Structures are given as C-alpha cells and as structure tokens.
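S.K.: Take this structure, written in structure tokens, and hold onto it; I'll ask about it next.
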Amino acid sequence: MDYGLVRLEEVVAGLPPTVRLYLDDSYLREARARVLRYVPETKSSGYVVLDRTVMHPKGGGQPTDTGRIQGEGAEFVVRKVLELGDVVVHYGKLASGSGLEGEVTVELDWEQRYSVMRHHTAGHVLDYAVLEVLGEEGLTSASAFHGPPESYIEFEGPPRQMDLRALEEVANEVVRQDRRVFPVYVGPERLREVVMGAFNLNRLPRAERYRVVVIEGVNAIPCGGTHVSRTSEVGRVRVTGLEPSQVGFKLLYRVET
Ligand SMILES: [Zn+2]
Numbered sequence: 042m043d044y045g046l047v048r049l050e051e052v053v054a055g056l057p058p059t060v061r062l063y064l065d066d067s068y069l070r071e072a073r074a075r076v077l078r079y080v081p082e083t084k085s086s087g088y089v090v091l092d093r094t095v096m097h098p099k100g101g102g103q104p105t106d107t108g109r110i111q112g113e114g115a116e117f118v119v120r121k122v123l124e125l126g127d128v129v130v131h132y133g134k135l136a137s138g139s140g141l142e143g144e145v146t147v148e149l150d151w152e153q154r155y156s157v158m159r160h161h162t163a164g165h166v167l168d169y170a171v172l173e174v175l176g177e178e179g180l181t182s183a184s185a186f187h188g189p190p191e192s193y194i195e196f197e198g199p200p201r202q203m204d205l206r207a208l209e210e211v212a213n214e215v216v217r218q219d220r221r222v223f224p225v226y227v228g229p230e231r232l233r234e235v236v237m238g239a240f241n242l243n244r245l246p247r248a249e250r251y252r253v254v255v256i257e258g259v260n261a262i263p264c265g266g267t268h269v270s271r272t273s274e275v276g277r278v279r280v281t282g283l284e285p286s287q288v289g290f291k292l293l294y295r296v297e298t
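Add 41 to the 1-based position in the sequence shown for the working numbering, that's all there is to it.
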C-alpha cells in the first residue's frame, strides 16, 4: 500500500462537528464513541476522527491531551490531538490491529490533563490578581499557555511594575476561598453583560454562542478550556517571573500541591 503525505483538510473533509464532551465535564476520563474516519499515514500511524471525544486538542492556551482509543481488536495510542474548524483529529500510532472502525472507547491520560486543568484555572485566577494589583482596566491579553513545565499569561504593551508576591497573595486567597468554577453559555448580545474581568474580549472570534468560564464572585472569561470545579483544587499558585516578550510581557507561573 502506498502512503502519501496526509493533509488535515482531507482528513476532516465532509465530517460533522465533533461533540467535545470536555466542555461540559472536564472530569470525564473516558467515553464510548464511533469512528467516523481512519486515515493511515504509515502502516502503524494515522489520524482518527470520532463522533465525540473527551480529548482537548492543542490550542486555546492548552497543550494537547494524550491517551488511547480502544477498538475491536485494535489499540491506538493518541500522541497529539488537533482541530481543524469544528472537527477534532486524533493523531497517533496503532499499538495493535491494522485500523480502527465502529464503536471504540476513548480514554485520557488523566494525570497530565488534571495538571492542565489546575494550571488553566490558576491562569484565570491570576488574571483577576493582575487586575487587583495593577488596578488597571485597559490591559489586553495576547496569549497564554496553561501547562507544565512553564505556564504563562501574556499581555500587550510595555511591562508594568508589579509586586509578584502581592500577586501571589491575591491569587492564593482566591484558592483558599474555594470558589466554584463553572461554564455558562451566552449569545453575542449578552456577552458583555456576563463577562467580568476578561482581557481577551478584543481577540475573540465571532460566534453564535460563547462559553464563558465563571469563577464565582471573581471573574467570568470567554474560554473553551478545561478547568477544575473549585479553586481549592488549584493548589498553591507560584508566580515565577515577569519577563518582556515580543508583543509585551509575560507573567510566568506554576502550581504546587
Ligand atoms: Zn481560559
């Protein structure tokens, strides 16, 4: 059999949007799903599209989830999860079998995902802390990365003077308060009314419906990521540095148990 270079556009062509189970339940570690397409890259590696998945793709400030897809007589190890448009694509290697079809079980590497959830919620808590410490409403976020080894939130503009210990204190106070974290969905007409303390409004893509992650009484930020359900699960927030970047400055952080 001849294997050419696989284009992601061809992998997703004509397929419906993937149901992203993590949007409503970040704690879901596995689910049954149906294979919509398997595209081999080599004899043992390839691309899998399912009708639904528990896996978050690389993007939106998160590293890729990894895990396994278990089918009838085949096991597929997911190395990287990608998205093109509304379709999620699992890339990896067959550990056994010659392809995937029909009903399968998709399962996450939970330890790594849970770490990302803690880091992502910590990132939102730090957004709040930055607002509290700087007392500045006009800040604009540029990007973020919520995963080990080094997480950061990045802002546009000249670096501000910030007391990093004060930032940490504000953040860890929110952690101690054990606030509830949950998503709500709103249309564009209600977005500005629901959102609170978000730095990313001006780089949001247009959508019919927005998912807003609320930390009760703290902030409400448009976000498609995976979060813990209470701030106490974040653990201790450590701000490890403030450094200039190409577009502005980065606040580096990590979470500790
Ligand atoms: Zn987020």
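Quick reminder that beta carbons are idealized off the backbone N, C-alpha and C, glycines included. These figures come from a predicted structure and were not determined experimentally.
(1) Assign S182 to one of two classes, buried (16 or more other C-beta atoms within 10 Å of its C-beta) or exposed (fewer than that).
(2) Excluding sequence positions up to five away, which residues of its chain have a Cβ less than 6 Å from the Cβ of D106?
(3) Ligand 1 heavy atoms versus the CB of H160: any closer than 7 Å?
(4) Quick check on the contact list: which residues have their beta carbon closer than 5 Å to a heavy atom of ligand 1?
(5) From G114 to K99, what does the alpha carbon distance come to, in whole angstroms?
(6) Could you tell me which residues DSSP pairs with M96 in its beta bridges?
(7) Under the DSSP definition of a beta bridge, which residues are partnered with P285?
(8) Let's see if you can read the secondary structure: which residues bound the alpha helix (DSSP H) around H131?
(9) Decide yes or no for the touch test of the stretch 277-288 against the stretch 195-202: beta carbon pairs closer than 8 Å, at least 3 of them.
(10) Could you spell out the range, first to last residue, of the alpha helix (DSSP H) harbouring R206?
(11) Whole angstroms are fine: how far does the CA of K84 sit from the CA of L49?
(12) Less than 8 Å between the beta carbons of R160 and S139, yes or no?
(13) Going by C-alpha distance, which of D65, E116, S156 and D66 is nearest E297?
(14) My guess is that V53 and V118 are in contact by the Cβ rule of under 8 Å, so how many angstroms apart are they, rounded?
(15) Which residues in the same chain as Y226 place their Cβ atom closer than 8 Å to its Cβ, once the five residues preceding and following it in sequence are excluded?
(16) Which term fits M42, buried or exposed, when burial requires 16 or more other beta carbons within 10 angstroms of its beta carbon?
(17) What first and last residue would you give for the alpha helix (DSSP H) that runs through P246?
(18) How about V235 and T162: do their beta carbons lie closer than 8 Å?
(19) If you follow the beta strand (DSSP E) that L172 is in, where does it begin and where does it stop?
(20) Go through its chain and collect everything with a Cβ distance to C264's Cβ below 6 Å, but skip five positions before and after it.
(21) Pull up the DSSP beta-bridge partners for T146, would you.
(22) Which residues in the same chain have their Cβ closer than 7 Å to the Cβ of V47, if we skip the five residues on either side of it in sequence?
M.R.: In short:
(1) Within the sequence shown, residue 182 is the residue found at index 141, counting from 1. Buried, since its Cβ has 16 or more Cβ neighbours within 10 Å.
(2) Counting from 1 along the sequence shown, the entry for residue 106 is found at position 65. So the qualifying residues of the chain are M96, H97, V122, L149 and R154.
(3) Counting from 1 along the sequence shown, the entry for residue 160 is found at position 119. No, since every heavy atom of ligand 1 falls outside the 7 Å radius drawn around the Cβ of H160.
(4) Cβ-based neighbours of ligand 1 within the cut-off: C264 and G266.
(5) Here residue 114 is taken as the residue at index 73 of the sequence shown, counted from 1. Here residue 99 is taken as the residue at index 58 of the sequence shown, counted from 1. The straight-line gap from Cα to Cα measures roughly 28 Å.
(6) On the sequence shown, position 55 is the one that residue 96 refers to. Answer by DSSP bridge pairing: none, since M96 is not bridged.
(7) Locating residue 285 in the sequence shown gives position 244, counting from the first residue. DSSP lists F290 as partners of P285.
(8) By one-based count along the sequence shown, residue 131 stands at place 90. No alpha helix (DSSP H) holds H131; the beta strand (DSSP E) holding it covers V128 to S137.
(9) yes
(10) Working through the sequence shown from its first residue, we reach residue 206 at position 165. L205 to R217 is the span of the alpha helix (DSSP H), which, as asked, contains R206.
(11) The residue labelled residue 49 in the question sits at position 8 within the sequence shown. The residue labelled residue 84 in the question sits at position 43 within the sequence shown. Using only the alpha carbons, I get a separation of about 18 Å.
(12) Taking the first residue of the sequence shown as position 1, residue 160 is located at position 119. Taking the first residue of the sequence shown as position 1, residue 139 is located at position 98. Looking at the sequence itself, residue 160 is His, so the reference to Arg does not match. Taking 8 Å as the Cβ cut-off, H160 and S139 do not qualify as a contacting pair.
(13) The residue given as residue 297 occupies position 256 in the sequence shown. Nearest of D65, E116, S156 and D66 to E297, Cα basis: S156.
(14) For the purposes of this step, residue 53 is taken as the residue at position 12 of the sequence shown. For the purposes of this step, residue 118 is taken as the residue at position 77 of the sequence shown. So it is not a contact: roughly 21 Å between Cβ atoms.
(15) Looking up residue 226 in the sequence shown gives position 185. Correct list, in chain order: R250, Y251, R252 and V253.
(16) On the sequence shown, residue 42 is found 1 positions in, with the first residue counted as 1. Caution applies to M42, whose pLDDT of 47 falls short of 50 and renders its modelled position unreliable; the value that the coordinates give is listed next. Under this definition M42 is an exposed residue.
(17) By one-based count along the sequence shown, residue 246 stands at place 205. Note, P246: premise wrong, no alpha helix (DSSP H); not H, not E.
(18) For the purposes of this step, residue 235 is identified with residue 194 of the sequence shown, where counting begins at 1. For the purposes of this step, residue 162 is identified with residue 121 of the sequence shown, where counting begins at 1. No.
(19) Here residue 172 is taken as the residue at index 131 of the sequence shown, counted from 1. Not the beta strand (DSSP E): L172 falls in the alpha helix (DSSP H), residues W151 to L175.
(20) Residue mapping note: residue 264 aligns to position 223 of the sequence shown, counting from 1. Excluding sequence positions up to five before and after C264, its CB lies within less than 6 Å of the CB of V254, all in the same chain and listed in chain order.
(21) On the sequence shown, residue 146 is found 105 positions in, with the first residue counted as 1. Bridge partners of T146: R73 and Q111.
(22) Here residue 47 corresponds to residue number 6 of the sequence shown, with the count starting at 1. Same-chain partners within the cutoff: V80, E82 and Y88.
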